[in-house]
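Residue numbering for the sequence shown follows this note's numbering, starting at 12 and increasing by one per position. Inspection log for the structure reproduced underneath, given as structure tokens.
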Amino acid sequence: MYIGKFTPKAVEDIKGLPKNTRKALKKEFEKTILNNPAGCSDELTEPLAGFRSFHFRDYRVVYRIYEDLNAIAVVGVGKKTNDPTSDVYKRLERLATSGKLADTVLKTLRLFPSP
């Protein structure tokens with residue numbers, strides 16, 4: 012089983028979900044993503060290459076797998092929409108191209124225990 016960590020923005024995203032969706036997503040996260048993060052998700056392309064997307068109902072959980080740490084870092088949770096201001100992928104693409112996504116992931120990784 013993998014260890015899961017969340018960036019501050021991912022935590023904010025989750026807190027913004029309806030309560031019943033939060034509970035169901037937590038169950039699915041623990042059952043599916045933490046057990047087989049690569050097998051249950053799709054690889055993303057540039058500028059989010061290296062990240063993966065897990066589809067849950069209308070929502071997407073975007074994360075990166077760190078095999079050497081046996082861990083994943085969740086960077087965003089949200090819907091794929093046609094609205095570029097609320098689409099989870101567009102928001103993360105803007106962060107990735109500015110370099111802020113990498114900084115946030117590094118800060119989150121510092122919270123992982125050493126293997």
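All residues carry an ideal CB built from backbone N, CA and C; glycine is no exception.
Practice task
Output the boundary residues of the alpha helix (DSSP H) element that contains Lys38.
Solution key: Lys30 to Glu39
Exercise for the section: Output the distance between the C-alpha atoms of Ala128 and Arg121, rounded to the nearest integer angstrom. Expected result: What the structure shows of the chain is the stretch from 12 to 126, and residue 128 is not part of that stretch, so it cannot be assessed.
Problem - Selected residue, minimal CA-CA separation from Phe62, among Arg68, Asp53, Tyr70 and Pro95 - result: Asp53
Exercise for the section: Could you tell me which residues DSSP pairs with Ala82 in its beta bridges? Expected result: Ile14 and Tyr77
Handout entry: Supposed contact pair Lys20 and Ala84 - C-beta distance, whole angstroms, cut 8 Å
Key = The Cβ separation is near 12 Å, so there is no contact.
Exercise for the section: Could you check what DSSP says for Ser64 in three-state terms: helix, strand or coil? Expected result: strand
Handout entry: Residue from Gly50, Tyr77, Ala35 and Ala60 whose Cα sits closest to the Cα of Arg68
Key = Ala35
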